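Residue numbers (this note's numbering): 133 to 444.
Even for Gly, the Cβ is constructed at its ideal location relative to N, Cα and C.
The model shown is predicted, which means the values in this text are computed figures rather than measured ones.
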Ligand code: UD1
């Protein structure tokens, strides 16, 4: 019987959490519908019990939660532009799926659900850094959907006594992030293109900034959230990031050095639903979880480029 369930286990963040749990010798079940997750991401996770299933089906949620103590809920259609193109699909796989999972977790007697929130919930307000006590201001269907999931977490903690912890991730990157879709994260796309000697496109003037967060920091925060005392963390939401930001233009020039790409970037129209700047205050996760980043941006980017270069 698995102690841990990871949803989205064939996706970038889910598979990374599952790998860390397995490395600790834990028993893990993973579920993924393989819409954006990939079977190839399961390589190395052979000791995980894997269900190819969809959280939009309540029965599959029930099967996945059976006997489990802690759920890491990473499954989502994680893309702002994808949600602009298909808001109903994003709602189904982010909101309905989350609600189904929570109902199944409650009914199965799961103790704690840890949820992948999104910094997009803060929207385009000028105040930086983003603190958890700021009012949400979602500006894309994706941000609305991820925020709705957060609210369901809180409600299930209040109403049913399920322990829930929301981690608001800021632009996560690293090995196993899919670089092949135009819905992919910018660093994955840029690494792949620049290593192949192909020109990347910066949408807008490149002066937008992000608190890019290396995957190991996110895995670390999740493991801390699983072990933190309920009195401290249940029903809470906190940022998970590095607490520093870099513009896309600066990022491009760091990547030029790391990849040995010697061309320029192309510039295209700004993307609809994009926010300008993003930077997290990470004090709350420090206070509640003892979290601080373990890998900085440049080191993370170096490891990421090495991983894409190795053709893994
Ligand atoms: C958003 C969310 C983030 C979420 C992610 C899922 C915010 C602050 N963050 O990130 O929480 O997890 O979506 O995808 O809203 N870009 C280019 N060229 C490209 C691709 C992207 O210039 O080829 C630009 C985008 O226009 C954007 C920036 O890079 O300005 C980052 O884009 P992306 O990696 O998709 O993430 P966000 O939209 O910031």
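Item: Every unbroken alpha helix (DSSP H) inside the segment 157–234 [4 residues or more]; Value: 190–197, 212–217, 219–223
Item: Check: residue 331 C-beta below 7 Å from any heavy atom of the ligand UD1; Value: no
Item: Cβ neighbours of residue 367 in the same chain (closer than 7 Å, five flanking residues each side left out); Value: 286, 289, 290, 296
Item: Three-state secondary structure (DSSP) of residue 259; Value: coil
Item: Helix, strand or coil at residue 368 [DSSP, three-state]; Value: strand
Item: Proximity test, residue 303 beta-carbon vs the ligand UD1 heavy atom, cut-off 7 Å; Value: yes
Item: Check: residue 340 C-beta below 7 Å from any heavy atom of the ligand UD1; Value: yes
Item: Residue 281 vs residue 271 beta-carbon contact at 8 Å; Value: no
Item: Cβ neighbours of residue 424 in the same chain (closer than 7 Å, five flanking residues each side left out); Value: 418
Item: Simplified DSSP assignment, three categories, for residue 308; Value: coil
Item: Burial state of residue 167, where buried means 16 or more other Cβ atoms lie within 10 Å; Value: exposed
Item: Contact set for residue 146: own chain, Cβ-Cβ below 6 Å, skip 5 residues either direction; Value: 138, 140, 206
Item: Reference residue 210; option with closest CA among 300, 430, 361, 378; Value: 300
Item: Euclidean distance between Cα positions of residue 237 and residue 194; Value: 7 Å
Item: Distance CB(residue 380)-CB(residue 433) smaller than 8 Å; Value: no
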